[in-house]
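Protein chains in written order, with our numbering: chain X, 1 to 330; chain L, 331 to 1021.
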Amino acid sequence: MANVDVGPIASSATEIGAKIMREWRRWRRRPLVRAFLATPRAMFAALLLALFAIVSVGAPWLAPHTPFDPATVSLIDSMTPPAWLADGSWTYPLGTDDQGRDILSTLMYGSRVSLLVGLAAVLLAMTVEITVGLLAGYVGGWFESVTMRIVDIQLTVPSILLALMIDGVARVMAPREIHHNLAIYTIILAIGAANWPSFARVARSRAMVEKNKEYVQAARIIGVSHLSIVLRHILPNAMAPMLVIATIDLGLAVLAEAALSFLGVGMPPTQPSLGTLIRIGGNFLFSGNWWVFVMPAVTLVLFVLSVNLLGDWLRDSLNPRLHRAGIKLA
Amino acid sequence: MTAESADTVPVLSVKGLRVEIPLWDDIVVPVNDVSFDIAPGEVLGIVGESGAGKSITGAAVIGPMDPPSRIAGGEVWLQGRRIDTLSGSELRRIRGRDIGAVFQDPLTALDPLQTVGEQLIETIRTHLPLDRHAARTRAIAMLDQVGLPAAERRLDDYPHHLSGGMRQRVVIAMALCTDPVLVIADEPTTALDVSIQAQIIDLLKTQCRQRGTAVMLITHDMGVIAETADRVGVMYAGRLVEIGSVTQMIKAPRHPYTHGLMASIPRLNQIRRRLTQIKGAMPRLTAIPDGCAFHPRCSHAVDKCRETLPVLTPLDDGGAAACWQVGRSGNRPALPQPSVVPDLAPLSRLVASEPPLVDIDNVSQYFDVSKPLIERLATRQGRRILKAVDGVSLSIRRGETVAIVGESGCGKSTLARMVVGLYRPTSGSVRFDGTDVGKMRRQHRFQMIFQDPYASLNPRWRTASLIAEPLRTHGIDVGRGVRRRVDELLEMVGLSAADGDRYPHEFSGGQRQRISIARALACEPEFIVCDEPTSALDVSVQAQILNLMKDLQDELKLTLMFISHNLAVVRHMADHIGVMYLGRLVETSPASELFARPKHPYTRMLLDAIPDIERGGRVGAAPRGEAADPANAPTGCGFHPRCAIAVAACRIERPNLVAQGDGAAVACPVSDTSAAAPADASHPVELVAVR
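Okay, here's the thing in structure tokens:
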């Protein structure tokens, strides 16, 4: 038999395959990836977070019930205990609440809201304040003094108080009918604003360090514009600590959202977040129906724990002083 | 061991030392099968380029290694006693008392929160049975011996009160205060200026000779070795490749690596000759080649070198070399020499009549280093102005290489940054081809190459993008042309097109400097400012980069401004040299003239401070004193406190550059008379005090 002719298409396919493999191998060799694959703690946290992400995004399709559609909820099923207890039923694996809503489903929808609020708040804080911080650090002079003093002042206002204030103002300004729809935006703004200063300060200090490095001076002599220097040279090199803050702040933002909702200024019961669910559950804590409270509380703890574990690990492994000790982690 | 008498027992005997560092998926061996002895009172130099394992060898001798590094094999004997197996507390006793250590950075070797006296007295009392008072007396005596003026008062100083050279003296005092039998000095002068280096080397040499202390001197600098060592061991990729007497090593090195290393050092007595270079660079520890680790770079390599590791074989004259090509008599078979590259073109490309390309006109750069206003009012201090550059004028003609030399803090880097427009001069102006550089925006006609090849490339960009950035910024090339041009530039600087896909951290220091050069060339500049472009590189790599820059200069008709602290490098590169001291030019001169007839006393001091490798060290006496703090410069001529020929007027009047007949200009009215007498280049100029 003659040799099988591979043909141009097949050979280019193997070429692409080889290229992908090469990139993958390069990626696998990166210190961060290797450190990740060698730390069970980080992998566990990432796995849990991935689960949260899947469940939150896919809640409408994955949830066994649609808890906020009155048509599907029946009061007869209210206060069913979790399935493994007597009187429990596998129709409602984690039991139901006072209105007969399936707790597992409310948790899935609740995580969705919590995660959305947390992510949006952190992204908002990041974009606004990284811009401000980078500019302050790069430009310097009076611009830096003014912006940084504003940030300092903002730091002195307790974040919950700030959130209550923004929420209050929004409620006064907006007509009553849209309060419920407005809630999520106010809360994102409130939590985002509370998280601004940490990003601004880190971004500024990073920009100050990086702008004096020789590669930035080299770019200046080459004639690269200031905007391009900030965005394409300084920002990527300043991102590492920001990512760490973002991860840790995500946990804090979700907690803050829960606290606000618990206080009653957060998400309304028709669109409950984990915090709202905990607040509702709190009413039944002493009446024996503990699961209504415990289930969202445990979910929240697990979520924040995994975010923090991942953030901690990220901070350790991105710390240049610990880089050498990457060996130690093995 | 027991049979030998006390004086033949080596002070230090290292046998088959092997150090391992476990990594994620691999074990690297930075020191592999290293054996050597140091006799009482002997100075053994250990040389090698970075990554050779010389510092780790020193650390392994001193004591328990920082995990995860570990001594994985071999023995270390100190005065006939095995010390590598001792427990931590036993070893600590020996380490302080019998082994003293001097490290590269005198700032980190001292505790910043304790006074010099506290640290010295603590060291003495830990190891010697002396009471506080006796220890204090000894500490003062030690400081006095290491040449610290007013030793008693210095006891209460904190390390930050002292200059770099003073601190290194204190570190030496600490190393010697317990009368150790061995001192391990790891790059003791690398962080210091040439003039201070000469003082410290003198000190270490005389102190150890007086006490009969043996020294293990670890350095990359052959000049320091030539001046100090009795025997030299050369390390390459973790192994000792050659060991022998210092004269043997300098006059007739046997191992091809030693040979190449010696040849690639720029010398003061060679002008405008192409440096001999060894191709490639030291392998990374994770990829040490099979067989002889040097074979990929060796022009003598044969098949056996690629397959079998040569062992260190004793030679008839007492030395030893690890090379298959070296016979027992120490002779290498005469192999065809690497192809001789023609020397570079002489100075003929200069056109004297043209107006200067770069015209630096009386530029100054002052930095305000005052304390905040409130503090100034409280302490009644005035403003403190640091005159980094103070009234420098210089013109650079097209096609010329002008070098600026001087020790750290003399303002040479600040001047370079003003020339390319990174700093705006406090006063004066820099004109490039008639235009003020401060007004040139987004220009590409001049570029700069920086000292640190690790900091000057954005670590997150691939090489190709780094080189393409200037092309895109200036629209020199667009679309597909960019990649083609990038490949061209990569090949021009001796890299391959495939290197474009790699990140800067995947390259060695020398390769990164090549990338920086390619990036500067992408702008198609006429003029390049090089700020210490090779001072972070190993000698063999430095030779490659210097040769590359000369080739590119000839090929592309570049004009260069070359900033350096190394006079030998400058001599190799420059047509015209300016010497800076405390922010001012003290002498400008054609290169040949400067080295043959240095006119300013500072220039002479710098030249005298350089160890002459062939003649086994410096010829003149070590220079006096240290450069003053530029924020607190002396009045009159800044150099007068260190000057041997200073007269009363030098303290008052600041001399300006005065043109001499031979194209030179000197800022020293006193030296005029002595310069008139022709100085014999082979003897140091006799400094006659004119009063």
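Ideal Cβ positions, reconstructed from N, Cα and C, are used throughout, including at glycine.
(request) Hey, could you find the ends of the alpha helix (DSSP H) X:E214 is sitting in? (result) E214 to I222
(request) Take L:L796 as the anchor and find which of L:S919, L:D817 and L:V571 has the nearest alpha-carbon. (result) L:D817
(message) Assuming contact is defined by CB atoms lying nearer than 8 Å, are L:F573 and L:A650 in contact in what I supplied?
(response) The identity of residue 573 of chain L in the sequence shown is Ile, whereas the question assumes Phe. In contact: L:I573 and L:A650 (Cβ atoms closer than 8 Å).
(request) Kindly indicate which residue of L:I907, L:G809 and L:T889 has the alpha-carbon position closest to the one of L:S922. (result) L:I907
(message) So, at 6 Å on beta carbons, what are the nonlocal neighbours of X:L252 in its own chain, with the 5 sequence-adjacent residues on each side left out?
(response) none
(request) Have a look at L:R984 and L:A997 and give me their C-alpha separation to the nearest angstrom. (result) 9 Å
(message) Run through chain X and tell me which residues come within less than 9 Å of L:C853, C-beta to C-beta.
(response) I221, I222 and G223
(message) Which residues in chain X have a C-beta closer than 7 Å to the C-beta of L:T803? List them in chain order.
(response) I222, G223 and V224
(request) Return the first residue and the last residue of the beta strand (DSSP E) that L:K717 is part of. (result) I715 to I726
(message) Whole angstroms are fine: how far does the CA of L:G542 sit from the CA of X:L318?
(response) 49 Å
(request) Could you spell out the range, first to last residue, of the beta strand (DSSP E) harbouring L:W407? (result) R400 to L408
(request) Check whether the Cβ of X:Y138 lies closer than 8 Å to any Cβ atom in chain L. (result) no
(message) Beta-carbon within less than 8 Å of L:V511's beta-carbon, same chain only, minus the 5 sequence neighbours each way: which residues are those?
(response) V341, P370, L408, Q409, D428, I429, T543 and A544
(request) Look up X:N195 in the DSSP assignment and say whether it is helix, strand or coil. (result) helix
(request) Reducing DSSP to helix, strand and coil, say where L:G346 ends up. (result) strand
(request) Can you grab the Cα-Cα spacing for the pair X:R29 / X:T247, in whole Å? (result) 24 Å
(message) Quick check: the Cα distance between X:T91 and X:F286, rounded to an integer number of angstroms?
(response) 25 Å
(request) Could you have a look at L:V364 and say whether DSSP puts it in helix, strand or coil? (result) strand
(request) Please compile the residues from chain L whose C-beta is within a distance smaller than 7 Å of the C-beta of X:E214. (result) F780, D782, A785 and S786
(message) Give me the DSSP bridge partner(s) of L:C860.
(response) L:I779 and L:F892
(request) Return the first residue and the last residue of the beta strand (DSSP E) that L:P920 is part of. (result) R914 to P920
(message) For the structure I just gave you, are there three or more beta carbon pairs, one from the segment 344-351 of chain L and one from the segment 384-404 of chain L, closer than 8 Å?
(response) yes
(message) I want to verify the contact list: residues of chain L whose CB lies under 7 Å from the CB of X:P236, in sequence order.
(response) R790
(request) State the start and end residues of the unbroken beta strand (DSSP E) segment that holds L:R468. (result) Note, L:R468: premise wrong, no beta strand (DSSP E); alpha helix (DSSP H) at R462 to Q475.
(message) Within 8 Å of any Cβ in chain X, is that where the Cβ of L:Q773 sits?
(response) yes
(request) Indicate the three-state DSSP secondary structure (helix, strand or coil) for L:N986 in the structure shown. (result) coil
(message) For X:A183 and X:L162, I'd like the C-alpha separation in whole angstroms.
(response) 15 Å
(message) Using a Cβ-Cβ distance cut-off of 8 Å, determine whether L:S678 contacts chain X.
(response) Confidence at L:S678 is low in this model, with a pLDDT of 42, below 50, so the placement of that residue is unreliable and no value is reported for it.
(request) Inspect the beta-carbon positions of L:R934 and L:P928 and report whether they are closer than 8 Å. (result) yes
(request) Taking only beta-carbon positions, decide if L:E799 is within less than 8 Å of chain X. (result) yes
(message) Bridge partners for L:S759 per DSSP, in chain order?
(response) L:D691
(request) Along the alpha helix (DSSP H) that carries L:T965, what are the first and last residues, could you check? (result) Note, L:T965: premise wrong, no alpha helix (DSSP H); not H, not E.
(message) Here's the rule: buried if 16 or more other CB atoms are within 10 angstroms of the residue's CB, otherwise exposed. What is X:A18?
(response) exposed
(message) I'd like to know whether the C-beta of X:I16 is nearer than 8 Å to at least one C-beta of chain L.
(response) no
(message) Please report the straight-line C-alpha distance between X:L164 and X:Q154, rounded to a whole angstrom.
(response) 15 Å
(request) Take L:V722 as the anchor and find which of L:W791, L:A995 and L:C635 has the nearest alpha-carbon. (result) L:A995
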